[in-house]
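Trainee: Got a structure for you, written out below as structure tokens; questions coming shortly.
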Amino acid sequence: MLDSPNNTVVTAKARPKPRLVTLAINGETHEVMVRPHVMLLEVIRDHVGLTGTKDGCESGTCGACTVLLEGKPILACITLAVECDGMHVQTIEGLSENGKLSDLQEAFLDQAATQCGFCTPGVIMSAKALLDNNPKPSVPQIKKALEGNLCRCTGYNSIVDAILQYSGQGVEPLMKRDDAP
Ligand code: FES
Ligand code: FES
0 MLDSPNNTVV TAKARPKPRL VTLAINGETH EVMVRPHVML LEVIRDHVGL TGTKDGCESG
60 TCGACTVLLE GKPILACITL AVECDGMHVQ TIEGLSENGK LSDLQEAFLD QAATQCGFCT
120 PGVIMSAKAL LDNNPKPSVP QIKKALEGNL CRCTGYNSIV DAILQYSGQG VEPLMKRDDA
180 P
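Just so we're aligned: the sequence shown equals residues 0 to 180 in numbering that gives the first Met the number 0.
Spelled out as structure tokens, the structure:
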């Protein structure tokens, strides 16, 4: 309760209290205190420091923030962190092992399927969710799985080719890359 200047009494609006949320992100447990309105994207990037997941539109339209929640692709910018309490989250950082890119990421490089790279983490997470359930998807199935991921740079053919290459469907790398540091 607060006294106002003219001595009428006003009630202070209660601010929602932070809550402890536990997330298993890329196999590591993180406990964070968050207010109820905080989105999973903010937790991943600002609390945990995994900035591979991109912050694009913040309104659920571009797909840049796609991560896997319990293995399913979701948009982290419109998913409340408190709704994910106790769940497993996988981000783009969770695909590489000991600093080595996954074969799916390598296929994107082989096909030059990334330019500015801003959309790429989200695209790859959507592709991973597809491939986990369907190891040899058709082109229409790939396009359907990626319909929520917008890319302003590459055109989409190279992205589809990267997924076809990875899944062993007759697409060869565009060029031989030198892996030497
Ligand atoms: S940042 Fe989440 S959909 Fe664009
Ligand atoms: S590579 Fe630039 S937005 Fe897709």
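A virtual CB, placed ideally from N, CA and C, is assigned to each residue, including glycine.
If you reduce the DSSP assignment to three classes, tell me which class T153 lands in.
Mentor: Coil, per DSSP.
Trainee: With a floor of 3 residues, list each beta strand (DSSP E) that falls wholly inside the stretch 79 to 165, ordered by position along the chain.
Mentor: Taking only runs of at least 3 residues, the beta strand (DSSP E) segments lying wholly in the stretch 79 to 165 are 87 to 89.
Trainee: Could you check where the beta strand (DSSP E) with V20 kicks off and where it finishes?
Mentor: Per DSSP, V20 belongs to the beta strand (DSSP E) from 18 to 24.
Trainee: With a threshold of 16 other CB atoms inside 10 Å of the CB of G51, please say whether the residue is buried or exposed.
Mentor: Result: buried.
Trainee: Can you tell me which residues form a DSSP beta bridge with M174?
Mentor: BP columns for M174 are empty, so no partner.
Trainee: At 3 residues or longer, what runs of the beta strand (DSSP E) sit wholly inside the stretch 35 to 86?
Mentor: DSSP runs (the beta strand (DSSP E)) wholly in the stretch 35 to 86: 65 to 68, 71 to 74.
Trainee: Evaluate M124 with the Cβ neighbour count: other Cβ atoms within 10 Å of its Cβ, from every protein chain shown; 16 or more gives buried, anything less gives exposed.
Mentor: Counting Cβ neighbours within 10 Å, M124 comes out buried, since at least 16 surround it.
Trainee: Assign P134 to one of two classes, buried (16 or more other C-beta atoms within 10 Å of its C-beta) or exposed (fewer than that).
Mentor: Exposed: under 16 other Cβ atoms inside 10 Å.
Trainee: Once the 5 residues before and after G115 are set aside, which same chain residues still bring their CB inside 6 Å of it?
Mentor: What sits at residue 115 in the sequence shown is Cys, not Gly. The residues are C152.
Trainee: Tell me, please, whether the stretch 103 to 112 touches the stretch 52 to 66 by the rule of three or more beta-carbon pairs shorter than 8 Å.
Mentor: Judged by Cβ distances under 8 Å, the stretch 103 to 112 makes no contact with the stretch 52 to 66, as fewer than three pairs qualify.
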